[in-house]
Amino acid sequence: MLLKFLILLVQEWGFSDMDTVFSHEGKKVYVAGHSGLAGSALVRRLAGEKCTLLTASHSELDLTNQEAVSQWFISNSPDVVYLAAATAGGIHANYERPGEFIYNNLAIQNNVVHASYIHGVKKLCFLGSSCIYPRLAPQPMTEKSLLTGSLDKHNVWYAVAKIAGLMLVDGYSKQYGCDFISVMPANLYGPGDKYTEKNSHVVAALIKRFHEAKLSNDASVSIWGTGNAMREFLHCDDMADACVYLMENYTSPDIVNIGTGLDLSIKDLAYLIKDVVGFEGNVVFDTSKPDGMPRKVVDVSKLQSIGWQSKISLRAGIASTYEEYLRL
Ligand SMILES: NC(=O)c1ccc[n+]([C@@H]2O[C@H](COP(=O)([O-])OP(=O)(O)OC[C@H]3O[C@@H](n4cnc5c(N)ncnc54)[C@H](OP(=O)(O)O)[C@@H]3O)[C@@H](O)[C@H]2O)c1
Numbered sequence: 260m261l262l263k264f265l266i267l268l269v270q271e272w273g274f275s276d277m278d279t280v281f282s283h284e285g286k287k288v289y290v291a292g293h294s295g296l297a298g299s300a301l302v303r304r305l306a307g308e309k310c311t312l313l314t315a316s317h318s319e320l321d322l323t324n325q326e327a328v329s330q331w332f333i334s335n336s337p338d339v340v341y342l343a344a345a346t347a348g349g350i351h352a353n354y355e356r357p358g359e360f361i362y363n364n365l366a367i368q369n370n371v372v373h374a375s376y377i378h379g380v381k382k383l384c385f386l387g388s389s390c391i392y393p394r395l396a397p398q399p400m401t402e403k404s405l406l407t408g409s410l411d412k413h414n415v416w417y418a419v420a421k422i423a424g425l426m427l428v429d430g431y432s433k434q435y436g437c438d439f440i441s442v443m444p445a446n447l448y449g450p451g452d453k454y455t456e457k458n459s460h461v462v463a464a465l466i467k468r469f470h471e472a473k474l475s476n477d478a479s480v481s482i483w484g485t486g487n488a489m490r491e492f493l494h495c496d497d498m499a500d501a502c503v504y505l506m507e508n509y510t511s512p513d514i515v516n517i518g519t520g521l522d523l524s525i526k527d528l529a530y531l532i533k534d535v536v537g538f539e540g541n542v543v544f545d546t547s548k549p550d551g552m553p554r555k556v557v558d559v560s561k562l563q564s565i566g567w568q569s570k571i572s573l574r575a576g577i578a579s580t581y582e583e584y585l586r587l
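Just so you know, we're using my numbering here: the sequence shown kicks off at 260 and counts up by one.
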């Protein structure tokens, strides 16, 4: 019965090797984009492995420069690569810099994935994003929704680049036998997030707004939309743990979602952050502003079937993120 179930899983998701266990021990592990939200979480997580971490700052190595990337791989010969470098940002940044979003991301992933193949990297993890799924994908979004409909027009440049990235991983795995994987994390939050007006994600933006309102004794904080939109938030340390787990236990270019599988309304999120920050005023919802998609949550049944589940509760994660914000 169990054997039949495993065979069905292989057929369903195309696992090429269910019992492969990859070890980081003794390997040189390069985290590209180590100073970012995702990359810094990967560095924290990998510090617990018996491996040698390799990093290079953006100013030391511009990953859009193919020659420089090739030279860096020759000089450093990484065994394992986590590709968490990207031109990333919200809708505003996408709209202001669409050319950069598509060019930089295509160039970074082309250069790093190709160099990894040429220089014999044993395993690579490409970080995609849940924004690769069609705008009207059924919720929760399964991996099978990929390329089944139109993308959200607000970040189409970024999403198309990311889809090209996971296809690059797929193509190099199929044609050259590379052991490369692609993961699709949900919205991230946590230490290392940006708190600038234009670039911040929703959790970081709300932490900053409620904190500043608390300091200035404001009567209320206004939030865009009705507050009814449902969203999922994944702590970046959970994401990093899932990436390391998948690198060690999953061998297939077929994409895997990483998330909690749990969503909540923006209203509930706002009240949670208000409570953690200790703001005592009111929350006002500006219903003249758009809500965006009514619901956005990834299906995590594939990830759970491989054996990983998120561990950090949203309240605990937001509390520790706020503590980190206070130390900035
Ligand atoms: N944040 C999320 O909610 C989220 C959700 C799902 C997936 N992801 C994925 O996670 C990855 C990283 O996102 P993030 O949120 O961690 O972004 P981030 O905080 O902006 O970090 C991006 C990192 O990439 C580096 N970088 C950018 N361009 C570079 C270049 N040309 N050469 C060298 N380094 C470069 C940045 O260095 P500098 O800062 O020095 O430029 C930074 O270390 C992306 O692939 C994204 O799709 C993120």
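Ideal Cβ positions, reconstructed from N, Cα and C, are used throughout, including at glycine.
8 Å Cβ shell around residue i - same chain, five flanking residues per side excluded
i      : result
ALA575 : none
SER459 : GLY349, ASP452, LYS453 and LYS467
LEU623 : This structure leaves residue 623 out entirely; the chain is present only between 260 and 587.
Contact with chain C by residue i, beta-carbon distance below 9 Å
i      : result
TYR584 : Among the chains of the structure shown, chain C does not appear; only one protein chain is present.
Per-residue burial, residue i [other beta carbons within 10 Å of its own, 16 or more giving buried]
i      : result
SER441 : buried
LYS421 : buried
ASN364 : buried
ASP534 : exposed
VAL280 : exposed
ASN370 : buried
Residue i - DSSP class collapsed to helix/strand/coil
i      : result
ARG468 : helix
SER579 : helix
PHE274 : Residue placement at PHE274 cannot be trusted, given a pLDDT of 48 that sits under 50; the coordinates are not used to answer.
ASN516 : strand
HIS494 : strand
ILE482 : strand
LYS381 : coil
ASP527 : helix
PHE544 : strand
VAL280 : coil
LEU313 : strand
LYS286 : coil
Residue i versus the options, residue with shortest Cα-Cα distance
i      : options                           : result
ASP438 : LEU395, ASP558, VAL339 and ASN487 : VAL339
GLU359 : THR323, SER481, LEU427 and PRO397 : THR323
ALA231 : TYR417, GLU507, GLY551 and THR311 : No information on residue 231 is available, as it lies outside the stretch 260 to 587 that the chain covers here.
CYS310 : SER316, VAL288, MET400 and ARG490 : VAL288
LEU528 : ARG490, GLY424 and GLY307         : ARG490
LEU427 : HIS413, PHE385, THR510 and SER334 : PHE385
Neighbourhood of residue i by C-beta distance below 7 Å, restricted to the same chain and skipping five residues each side
i      : result
ALA578 : VAL535
TYR530 : VAL542
LYS570 : ASP497
Beta-carbon proximity list for residue i, same chain, < 6 Å, skipping 5 on both sides
i      : result
HIS470 : VAL536
ASN487 : SER524
_Contact between the stretch 367-378 and the stretch 515-525 (3+ Cβ pairs under 8 Å)_ = no
*Would the stretch 391-407 and the stretch 346-355 be scored as touching if the rule is three or more Cβ pairs under 8 Å?*
no
*the stretch 318-337 touching the stretch 477-490, judged by at least three CB pairs closer than 8 Å*: no
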